[in-house]
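K.L.:
Below is the structure I would like to discuss, written out as structure tokens.
Number of protein chains: 2
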Amino acid sequence: MSAGKFAIAIHGGAGTISPDKITPEIERDLRAGLEESLEAGHAILRNGGSSLDAVVAAVRVLEDDPLFNAGRGAVFTSAGTHEMDAAVMEGKTLAAGAVGCVKRIKNPILLARAVMENSPHILFVDEGAEAFAREMGLEFADPNYFHTDQRWQALERIRQAQAKAGELSDQDRHGTVGAVALDQSGNLAAATSTGGYTNKRPGRIGDTPLVGAGTYANNRTCAVSATGDGEFFIRAVAAHDVSALMEYRGLKLADAARAVIDKVGDLGGTGGLIAIDREGNIALPFHTTGMYRGSVDVAGKRFVGIYK
Amino acid sequence: MSAGKFAIAIHGGAGTISPDKITPEIERDLRAGLEESLEAGHAILRNGGSSLDAVVAAVRVLEDDPLFNAGRGAVFTSAGTHEMDAAVMEGKTLAAGAVGCVKRIKNPILLARAVMENSPHILFVDEGAEAFAREMGLEFADPNYFHTDQRWQALERIRQAQAKAGELSDQDRHGTVGAVALDQSGNLAAATSTGGYTNKRPGRIGDTPLVGAGTYANNRTCAVSATGDGEFFIRAVAAHDVSALMEYRGLKLADAARAVIDKVGDLGGTGGLIAIDREGNIALPFHTTGMYRGSVDVAGKRFVGIYK
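Keeping their order, the protein sequence lines are chains A and B.
Quick note on numbering: the first sequence equals residues 1050 to 1357 in my numbering.
Quick note on numbering: the second sequence equals residues 1050 to 1357 in my numbering.
Right, dumping it as structure tokens:
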């Protein structure tokens, strides 16, 4: 039993991340962003708050940080716009909320939570999602808020390279942020948010807002948030598959998480995921050269990492 | 091994369906629509065609039939518009394609297939999906094409009843069409299409276009198409769960399908699903009073049913 144990893990995306592409200044800022996100979530757990509150708070910090591809730092679509996806799920009730292709919501993860708590639905997209956001009184942001020079240059580079993958870092292409947590009441939760990937076609939705693909939580097993080539995580129904391998085949969290990442790799996709079980065990597998990630385990030990 | 065996199953939605609410004429037309859909799919399988071709053909017939809630007969949103969702998946490759909230595509299932075959993506929504449809040369329909008096009256009744569930038949509220098939090469496929439910909020997406929720196919296990209260099928990751129970726990198709429908019921949802395994076994479980359904099994035996 979890008996008051609590823990949290976060990610800020996986990809081809190498020290020679990241300046010391940016690495310091990335680590600071991860630390701040971890602390936002962990403080809630320490004070007896819910895992739902913790993962939303942790993701919100990363959405507000221009270095991560979600919210403020969302990448540009091929139309030079922003379309963001987010989801949240509670392990106790299997309640979930998600949004896709929202263009002007400052914090998509807050809208996903509002969908879960204030509508009978799970997934709203596009204008319908924004109409709901307006009713909920959520904060809208001017398109200019989401304009970061770094992301705009990434779009320019991709346009110039005509999407030749070899000339682009994964940083240019995609990224996602997410959090999973176990709270003192033994409840699991997961949250994920993304701007998709640079130069994506308008209207494309990836795995992030799809329950069971990029986001899943179930108190019987685990909470999962994924990052990487979304389409492969969708085909693998990756997040739910981690849970199913634990529940039906009796695998431990780390083995189930690794098995699913390997399946995604067999399909041709790359990426990683973060997962936590009801004992507070944490797994952070990825098969890229790096994944922005962090955790505070049940013993209170903090970890922040970027490279393999 | 499947060794040349082939079979197909279809559904046209599950709900509170009782003989006193359906005139003999309408029942005859409903049965004729199911028969025509079955035959369209089965003829392809008999002639050695693929399960993918078969399920798309079967669903297309139901999309063109105004009596079923997909394509032509799609229900109205609260805005008096139509927003359709569809998905298709191949069991051999785990390739999938899906669309959500498309408003003017005559056959959403054809667009879902085009997304699978002609884009690197799986799910497109709204205007982005329609822009892709235009590039693919798919047929658009005038909004008037989707206007059926029956569905308009359903919207009027719901508006008058202020969505008091007791005063409405499930027929008024929702419905979905779908098909699953095994072809002579041993490949499974699934396809699902829907107009959602009457008076839904614009922007809402249900389980139909979500891989693993309303639609799933995997040659290791089964192909599944679901119908019912979509949000509950999403939370249960229902279609993938049928597969996972077979693969990881060794359940037979019928037992896995029934277990998942029971889980959806435990969450508070109603509905049903159709499923087929790689031996051609078929399961059509539902816990409503009726489900429009049909099948042709590996022995060539035809079945069409409406009530329990």
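Beta carbons: idealized from backbone N, C-alpha and C, even for Gly.
Model, not experiment: these values are computed from the prediction.
Pick helix, strand or coil for B:Leu-1111, following the three-state DSSP scheme.
P.N.:
In the second sequence, residue 1111 of chain B corresponds to position 62, counting from 1. Correct three-state label for B:Leu-1111: helix.
K.L.:
For a cutoff of 8 Å on Cβ pairs, would you count A:Pro-1169 as touching chain B?
P.N.:
Counting from 1 along the first sequence, the entry for residue 1169 of chain A is found at position 120. Closer than 8 Å to some Cβ of chain B, the Cβ of A:Pro-1169 qualifies, so yes.
K.L.:
Out of A:Phe-1352, A:Tyr-1356, A:Lys-1357, point me to the one whose CA is closest to A:Ala-1362's CA.
P.N.:
For chain A, the structure presents residues 1050 to 1357; residue 1362 of chain A sits outside this window and is missing.
K.L.:
Which of the three DSSP states, helix, strand or coil, is assigned to A:Val-1309?
P.N.:
Translated into positions along the first sequence, residue 1309 of chain A becomes position 260. Helix.
K.L.:
Comparing C-alpha positions only, which one of A:Ile-1323, A:Thr-1142, A:Asp-1078 sits nearest to A:Ala-1306?
P.N.:
Here the question's residue 1306 of chain A lines up with position 257 in the first sequence. Cα-wise, what sits closest to A:Ala-1306 is A:Ile-1323.
K.L.:
Just list the residues that DSSP pairs A:Gly-1321 with in beta bridges.
P.N.:
Translated into positions along the first sequence, residue 1321 of chain A becomes position 272. Answer is A:Thr-1276, A:Phe-1335.
K.L.:
When the Cα atoms are used, what is the spatial distance from A:Glu-1296 to B:Val-1347?
P.N.:
If you number the first sequence from 1, residue 1296 of chain A lands on position 247. If you number the second sequence from 1, residue 1347 of chain B lands on position 298. Between A:Glu-1296 and B:Val-1347, the C-alpha separation is close to 33 Å.
K.L.:
Kindly confirm or deny that the stretch 1278-1285 of chain B and the stretch 1160-1179 of chain B touch, where touching means at least three C-beta pairs closer than 8 Å.
P.N.:
no
K.L.:
Identify every residue that forms a DSSP beta bridge with B:Leu-1237.
P.N.:
Locating residue 1237 of chain B in the second sequence gives position 188, counting from the first residue. Bridge partners of B:Leu-1237: B:Leu-1231.
K.L.:
What is the DSSP secondary structure of B:Asp-1191, reduced to helix, strand or coil?
P.N.:
Looking up residue 1191 of chain B in the second sequence gives position 142. Three-state result, B:Asp-1191: coil.
K.L.:
Which chain A residues sit within Cβ distance under 8 Å of B:Glu-1176?
P.N.:
Here residue 1176 of chain B is taken as the residue at index 127 of the second sequence, counted from 1. Residues of chain A passing the Cβ test: Asp-1175, Pro-1251, Gly-1252.
K.L.:
Under 8 Å Cβ-Cβ, which residues of chain B neighbour A:Cys-1150?
P.N.:
To locate residue 1150 of chain A, count along the first sequence from 1; it is residue 101. Simply Val-1174, Asp-1175, Gly-1177.
K.L.:
Using only alpha-carbon positions, find the residue among B:Gly-1122, B:Ile-1355, B:Asn-1330 that is nearest to B:Lys-1054.
P.N.:
The sequence position of residue 1054 of chain B within the second sequence is 5, counting from 1. Answer by Cα proximity: B:Asn-1330.
K.L.:
State the Cα-Cα distance for the pair B:Glu-1205 and B:Gln-1199, rounded to the nearest angstrom.
P.N.:
Here residue 1205 of chain B is taken as the residue at index 156 of the second sequence, counted from 1. Here residue 1199 of chain B is taken as the residue at index 150 of the second sequence, counted from 1. Near 10 Å, if we compare the C-alpha coordinates of B:Gln-1199 and B:Glu-1205.
K.L.:
At least one CB of chain B closer than 8 Å to the CB of A:Ile-1283: is that the case?
P.N.:
Locating residue 1283 of chain A in the first sequence gives position 234, where the first residue counts as 1. Closer than 8 Å to some Cβ of chain B, the Cβ of A:Ile-1283 qualifies, so yes.
K.L.:
8 Å is my cut-off, CB to CB: does B:Asp-1131 come that close to chain A?
P.N.:
Within the second sequence, the letter at position 82 stands for residue 1131 of chain B. The amino acid at residue 1131 of chain B is misidentified as Asp; the sequence shows His. With 8 Å as the cut-off, B:His-1131 does not count as an interface residue toward chain A.
K.L.:
Kindly say whether B:Asp-1311, judged by its beta-carbon, lies nearer than 8 Å to any beta-carbon of chain A.
P.N.:
Here residue 1311 of chain B is taken as the residue at index 262 of the second sequence, counted from 1. False, the Cβ-Cβ gap to chain A never drops below 8 Å.
K.L.:
Measure from the alpha carbon of A:Thr-1065 to the alpha carbon of each residue in A:Phe-1195, A:Glu-1184, A:Met-1340, A:Lys-1350, then state which is nearest.
P.N.:
The sequence position of residue 1065 of chain A within the first sequence is 16, counting from 1. Answer by Cα proximity: A:Met-1340.
K.L.:
Where B:Gly-1146 and A:Leu-1316 are concerned, what is the direct C-alpha to C-alpha distance, given to the nearest angstrom?
P.N.:
Along the second sequence, one-based indexing puts residue 1146 of chain B at 97. Along the first sequence, one-based indexing puts residue 1316 of chain A at 267. Their backbone Cα atoms lie some 16 Å apart in a straight line.
K.L.:
Beta carbon of A:Leu-1094, beta carbon of A:Asp-1232: below 8 Å?
P.N.:
Translated into the one-based positions of the first sequence, residue 1094 of chain A becomes position 45. Translated into the one-based positions of the first sequence, residue 1232 of chain A becomes position 183. Cβ atoms of A:Leu-1094 and A:Asp-1232: closer than 8 Å.
K.L.:
Let me know the secondary structure DSSP gives A:Phe-1282 once reduced to three states.
P.N.:
Position 233 of the first sequence, counted from the start, is the residue given in the question as residue 1282 of chain A. Helix at A:Phe-1282.
K.L.:
By the criterion of Cβ-Cβ separation under 7 Å, what are the contact partners of A:Gly-1261 in chain B?
P.N.:
One-based indexing of the first sequence puts residue 1261 of chain A at position 212. Against chain B, the beta carbon of A:Gly-1261 has neighbours under 7 Å at Gly-1261, Ala-1262, Val-1286, His-1289, listed in chain order.
K.L.:
Can you check which of these residues, B:Leu-1083, B:Arg-1183, B:Pro-1192, is closest to B:Met-1133 by C-alpha distance?
P.N.:
Counting from 1 along the second sequence, the entry for residue 1133 of chain B is found at position 84. The shortest C-alpha separation from B:Met-1133 is found at B:Pro-1192.
K.L.:
What would DSSP say about A:Ala-1092, mapped onto helix, strand or coil?
P.N.:
Here residue 1092 of chain A corresponds to residue number 43 of the first sequence, with the count starting at 1. Three-state DSSP puts A:Ala-1092 in a helix.
K.L.:
Does any CB atom of chain B fall closer than 8 Å to the CB of A:Glu-1184?
P.N.:
In the first sequence, counting from the first residue as 1, residue 1184 of chain A sits at position 135. It does not; no Cβ of chain B falls within 8 Å.
K.L.:
What residue does the alpha helix (DSSP H) around B:Glu-1363 start on, and which one ends it?
P.N.:
No answer is possible for residue 1363 of chain B: it lies beyond the span of chain B, which begins at 1050 and ends at 1357.
K.L.:
Answer yes or no: does any C-beta atom of chain B fall closer than 8 Å to that of A:Gly-1215?
P.N.:
Here residue 1215 of chain A refers to the residue found at position 166 when the first sequence is read from its first residue. Because A:Gly-1215 sits at a pLDDT of 46, beneath the cut-off of 50, its placement in the model cannot be relied upon, and the following sentence gives the value as read from the coordinates. False, the Cβ-Cβ gap to chain B never drops below 8 Å.
K.L.:
Rounded to whole angstroms, what's the CA-CA distance from B:His-1091 to B:Gly-1320? Just pull it up for me.
P.N.:
Counting from 1 along the second sequence, the entry for residue 1091 of chain B is found at position 42. Counting from 1 along the second sequence, the entry for residue 1320 of chain B is found at position 271. Straight-line Cα distance between these residues: approximately 25 Å.
K.L.:
Among the residues of its own chain, which have a CB less than 7 Å from the CB of A:Leu-1143, if the five just before and after it don't count?
P.N.:
Indexing the first sequence from 1 puts residue 1143 of chain A at position 94. Closer than 7 Å at Cβ, skipping near neighbours: Asn-1267.
K.L.:
Step through the CB atoms of chain A and report whether any lies within less than 8 Å of the CB of B:Arg-1298.
P.N.:
Mapped onto the second sequence, residue 1298 of chain B falls at position 249. Yes, because at least one Cβ of chain A sits closer than 8 Å to the Cβ of B:Arg-1298.
K.L.:
Give the DSSP bridge partners of A:Arg-1342, in chain order.
P.N.:
Counting from one through the first sequence, the residue named residue 1342 of chain A turns up at place 293. The partner list for A:Arg-1342 (beta bridge, DSSP) reads A:His-1060, A:Gly-1354.
K.L.:
Mind checking who B:Cys-1271 pairs with in its DSSP beta bridge?
P.N.:
Along the second sequence, one-based indexing puts residue 1271 of chain B at 222. According to DSSP, B:Cys-1271 bridges with B:Asp-1326.
K.L.:
For A:Ala-1136 versus A:Pro-1258, is the C-beta spacing smaller than 8 Å?
P.N.:
Within the first sequence, residue 1136 of chain A is the residue found at index 87, counting from 1. Within the first sequence, residue 1258 of chain A is the residue found at index 209, counting from 1. Contact: yes.
K.L.:
Kindly list the residues whose CB is nearer than 6 Å to the CB of A:Ala-1332, restricted to its own chain and excluding five residues on each side of it in sequence; keep chain order.
P.N.:
The count along the first sequence starts at 1 and reaches residue 1332 of chain A at position 283. If we look at A:Ala-1332 and ignore the five residues flanking it on each side, its Cβ neighbours are Leu-1302, Ala-1303, Ala-1306, Ala-1324.
K.L.:
Is there at least one Cβ from chain A nearer than 8 Å to B:Ile-1059's Cβ?
P.N.:
In the second sequence, residue 1059 of chain B corresponds to position 10, counting from 1. Not one chain A Cβ lies under 8 Å of B:Ile-1059.
K.L.:
Does the separation of the CB atoms of B:Ser-1274 and B:His-1060 fall below 8 Å?
P.N.:
Here residue 1274 of chain B refers to the residue found at position 225 of the second sequence. Here residue 1060 of chain B refers to the residue found at position 11 of the second sequence. Contact flag set, yes.
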